[in-house]
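The sequence shown maps to residues 0 to 134 in numbering that gives the first Met the number 0.
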Amino acid sequence: MEYVLWLMKSEDEIKSVQQNTNVRTLRKCRIENGLIIKENDDLIRYYLPEGEAIKELTLLHNEYGHIGKPHMLEHYNRRYYTPRLDDILEQIVSSCDICLKTKTERKRRGLMGIIGPAQNPLEDSLYRLLRRRNG
């Protein structure tokens with residue numbers, strides 16, 4: 000995971016990225032040793048651009064046994080910061096062949112309907128019983 004510590008070429012390039020972005024939180028980050036750092040309370044996170052974030056999240060997803068979005072977000076947010084992370088997470092999980100093959104498809108049940116008044120005794124109960132066995 001250490002390969003993702005993304006170094007910019009110069010302080011000017013980092014400042015250019017900060018100024019040209021429309022993400023307000025990236026503008027509030029500080030620069031230290033060629034890295035963009037976001038600091039909240041006791042948590043220090045490194046900024047990763049989208050391309051590097053995709054690589055890191057794919058690695059996380061595969062190494063931790065094809066975990067879903069909430070767990071990936073929890074692991075990733077401990078060390079890194081990337082704007083619009085939800086879109087990237089959705090892209091990774093929805094494009095994973097293993098996850099798509101093993102995900103169970105939920106069977107949709109029929110719509111609830113009104114049966115109407117019974118003409119004979121127990122007709123309503125028999126209809127429900129037969130319907131439950133057949134469908």
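Virtual Cβ for every residue (Gly too), placed ideally from N, Cα, C.
Who are the Cβ neighbours of residue i in its own chain at under 8 Å, not counting the five residues just before and after it?
i: L88; result: L56, K68, M71, L72
For residue i, which residues in the same chain have their Cβ closer than 7 Å to its Cβ, ignoring the five residues on either side in sequence?
i: H65; result: C95, I97, C98
i: I43; result: I36
Since residue i and residue j should fall inside the 8 Å C-beta cutoff, what is the C-beta to C-beta distance between them, to a whole number of angstroms?
i: Y45; j: I36; result: 6 Å
i: L58; j: Y75; result: Contact flag wrong, Cβ pair sits at about 10 Å.
Buried or exposed: which applies to residue i, given that a residue is buried once 16 or more other Cβ atoms fall within 10 Å of its Cβ?
i: L84; result: buried
i: Y63; result: exposed
Which class does residue i belong to by DSSP, given the choice of helix, strand or coil?
i: I30; result: strand
i: E51; result: helix
i: E104; result: coil
Can you pull the DSSP bridge partners for residue i?
i: Y46; result: Y80
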